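Which chain is which? The protein sequence lines are A and B, in order. Note that our numbering has the first sequence beginning at 1, numbered continuously upward. Note that our numbering has the second sequence beginning at 1, numbered continuously upward. First the structure, in the form of structure tokens, and then the observations on it.
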Amino acid sequence: MKKTVQGNFHQVKAPLLFLLPNIIIFVIFIIIPAIQGLRMSFTEWGVFTEPTFIGLANFKELFQDKVFWKTFSNTLVFSFFTVAMLTIYSLLLALLLNKNSIKGEKICRSLFYIPSLLSMITVGIAWRFILGDEMGIINYLLSSLGGESIHWLTNGNLAMASIILVSVWAGAGYYMVILIGGLQAIPLELYEAATIDGASPAKTFLNITLPLLKSTLLVVMVLATISSFKAYELIFVMTKGGPGYATKLIVQQVYQVAFLEDRMGYASAMSILLMLLIGLVTIVQFRITGRDQDYE
Amino acid sequence: MNKQHTNRTLHYVLLLLLALGTLFPILWIFLSSFKPQSELFRVPLTLIPENWTIENYVSSIRQGNFIRYFSNTVFVAVVSTLLTVVINVMAGYALAKYIFPGRNLIFTLMIATLMIPLQVIMIPIFLQLKRLGMLNSLWGIIIPPAATPTGIFLARQYLVTLPDSLIEAARIDGAKEFYIFRKIIWQMSQPIVATIAIFSFMWRWNDFLWPLIVITDNKKQTIQQALANFVGQLQINWSELLAMTTIAIIPVIIVFLAFQRFFFSGITAGSVKG
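Following this line, the structure appears as structure tokens:
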């Protein structure tokens, strides 16, 4: 099916020159910093002081650090619910908009994509305005219906739930587009055959759509997981990690310890754990979903 | 027949409700930004402003450095995008059309950098930029993020499908490699150039973490930083904040409406964010 035209120009100098700008930037701004980050995690280092090698002391301290483990478990909770809800909700949107029977499906697709265009800073501002305790429209509607206003951003559990829901709102359109692409790659004949056999829509979904969408769903889940581990702006704007430490994630803690408490080495050790966490979760996702599928 | 009809109605009703939930927040801040301060929190709240005003826009543009933040952001987004497009298409071309030792390794390593997000290496990046004297310089937020794995991937996937014969013919005519790139490949890459340019513009326009790490000088900040600073104040002037937020959103919405098809083809082809 796929065209596999491979270039046949045996050259060394020209391609390397074409690659050079990218390689230089990658080496200077990703590879060297990544190695240096690893080295730093074994040192005690402030911005204006010389680094001292202290072995595994940072990691030992880290295991006793209650605040860090709080941010660690917050990250897992935030990530798990965000990824699960994003996957299900964007799949629902993709299924609703994939059918050719829907009129104006292209316009609908664009409408649902719009939140994905906004920066997380502006998303956070919009939702803080909407969810605000005193003057937010949601609490206004609740109280005018005779209910009590709810502390969306100042009650610990609710604050976590709020940032999860807002993340889903902001991300769903992007993953919906990927999933529509996956749905459209499923041959129509399979559905026709199922209709002739008299299969119910639920059966068709379970036996045709879901198995054939597996690799696309995996891509969505991996991308959503990495992006959830990176969440910073939304929390910065909506809760500042509070109340208390209720919505503080590892990235927030790294920034705070490195740049506000001036403990670069210790914060690097946290970053290393975050990187391991991202790698581990990605591997697990690939394992669970099975590697029998090759996806291009 | 009747059941099908109900199903279809349900389908539309569900879509309508979800669309409402998706768009309401944006509509709400947009409309609220045109309310006079006295009306913003006045009970009962109304969706449509009773007295439309552009006062919030006028005062937020007039105050402080707003125009400067805006022009900094335009400069960063445009220059970074130009740089990204050129170097990514060059790299994509090298990986698509040449055979040389280490080609697959280089490609894999470049894509693998997606697994090391800025959030994980922000401390050593900060020190690196400090060493290079790029802190508090707009170049510090233009150059490092310009090499995007996503852009390289998209460019390579697109260029692989171009016929080799064109390049061969030019070479037989004695054209130099860079001349071939400039005169033939670049011309033929226009669709993918557009896709990468649009995504790059959006990423740079919306970027917050790079500027947060690199820029501390108030005069060099970007619009996202300005918004974040505004939210950080104890007493938030919501009227002005909503106007500024709307101004920050409009450029990406315009780019999106003008180039929708490039957005969707780019996401489906790349399925990667960077």
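Backbone N, C-alpha and C fix where the C-beta goes; we use that ideal spot for every residue, glycine too. Computed from a predicted model, the values in this text were never measured in an experiment.
Nonlocal neighbours in the same chain, by C-beta distance under 8 Å from residue i, ignoring five residues either side
i	result
Y89 (chain A)	V168 and A172
V5 (chain A)	At V5 (chain A), the pLDDT of 42 sits below 50, so the modelled position is not reliable; the number obtained from the coordinates is stated separately. Once the five neighbours on either side are set aside, V5 (chain A) has no close Cβ partner at all.
L31 (chain B)	L47, I48 and P49
F181 (chain B)	M90 and Y93
I130 (chain A)	G136, I137 and I138
Buried/exposed call for residue i, threshold 16 Cβ in 10 Å
i	result
Y69 (chain B)	buried
A94 (chain A)	buried
V12 (chain A)	exposed
E168 (chain B)	exposed
F286 (chain A)	exposed
R109 (chain A)	buried
K183 (chain B)	exposed
A14 (chain A)	buried
V257 (chain A)	buried
V193 (chain B)	buried
V255 (chain B)	buried
R204 (chain B)	buried
T75 (chain A)	buried
Y12 (chain B)	exposed
V76 (chain B)	buried
G181 (chain A)	buried
D294 (chain A)	Since pLDDT at D294 (chain A) reaches only 44, below the 50 mark, its modelled position is unreliable, and the value read off the structure follows with that caveat. By the neighbour-count rule (16 or more Cβ atoms within 10 Å), D294 (chain A) is not buried but exposed.
Span of the alpha helix (DSSP H), counted from its first residue to its last, around residue i
i	result
G124 (chain A)	M120 to L131
S227 (chain A)	L210 to F229
D253 (chain A)	Checking the sequence shown, residue 253 (chain A) turns out to be Gln, not Asp. Element bounds for Q253 (chain A): I250 to Y255.
P149 (chain B)	P149 to V160
P191 (chain B)	Q190 to N206
S71 (chain B)	F66 to K97
K130 (chain B)	L118 to R131
Q221 (chain B)	That residue, Q221 (chain B), is in no alpha helix (DSSP H); it is neither H nor E in DSSP.
Q81 (chain A)	Reading off the sequence, residue 81 (chain A) comes out as Phe, not Gln. From DSSP, the alpha helix (DSSP H) with F81 (chain A) extends over K66 to N98.
Residue i beta carbon near the ligand GTP (any heavy atom closer than 7 Å)
i	result
V220 (chain A)	Summarising the ligand content, the structure contains no ligands, and the ligand GTP is consequently not present.
CB contact flag (residue i, residue j, <8 Å)
i	j	result
G37 (chain A)	D262 (chain A)	no
K230 (chain A)	P144 (chain B)	no
P51 (chain A)	I121 (chain B)	no
D133 (chain A)	S149 (chain A)	yes
T195 (chain B)	V177 (chain A)	no
T122 (chain A)	L249 (chain A)	no
Q221 (chain B)	I213 (chain B)	no
F128 (chain A)	M238 (chain A)	A small correction: the amino acid at residue 128 (chain A) is Arg; Phe does not occupy that position in the sequence shown. Against a cut-off of 8 Å, the Cβ pair of M238 (chain A) and R128 (chain A) comes out as a contact.
F230 (chain B)	T81 (chain B)	no
L10 (chain B)	L96 (chain A)	no
I30 (chain A)	T113 (chain B)	yes
I106 (chain B)	S268 (chain A)	no
W152 (chain A)	L158 (chain A)	yes
Neighbour flag for residue i against chain B, beta carbons, 8 Å
i	result
I283 (chain A)	no
I163 (chain A)	no
N22 (chain A)	yes
G37 (chain A)	yes
W127 (chain A)	yes
I226 (chain A)	yes
S297 (chain A)	In this structure chain A extends from 1 to 296, so residue 297 (chain A) is not present and cannot be described.
I248 (chain A)	For clarity, residue 248 (chain A) is Lys in the given sequence; the question names Ile instead. Not an interface residue.
G7 (chain A)	Note that G7 (chain A) scores 48 on pLDDT, short of 50, meaning its location in the model is unreliable; the coordinates nonetheless yield the value given after this. Output row for G7 (chain A): interface = yes.
T122 (chain A)	yes
F18 (chain A)	yes
P243 (chain A)	no
K230 (chain A)	yes
A34 (chain A)	yes
M85 (chain A)	no
E148 (chain A)	no
S271 (chain A)	yes
Close Cβ partners of residue i (< 7 Å) along its chain, the five nearest in sequence each way excluded
i	result
S143 (chain A)	S149
V77 (chain A)	M160
A194 (chain A)	T204 and I208
L300 (chain A)	The shown model of chain A, from 1 to 296, leaves out residue 300 (chain A), and the question about it has no answer.
I223 (chain B)	Y69, F70, T73 and A248
A170 (chain B)	I180 and I184
Short CB-CB distance (under 8 Å) between residue i and chain A
i	result
L234 (chain B)	no
H5 (chain B)	no
Y98 (chain B)	yes
V58 (chain B)	no
W210 (chain B)	no
W139 (chain B)	no
A228 (chain B)	yes
I54 (chain B)	no
Own chain, CB closer than 6 Å to residue i, minus 5 neighbours either side, in chain order
i	result
T82 (chain A)	I164, S167 and S228
In the stretch 89 to 113 of chain B, which residues sit with their C-beta less than 7 Å from some C-beta in chain C, listed in chain order?
The question asks about chain C, but that chain is absent: this structure's protein chains are A and B.
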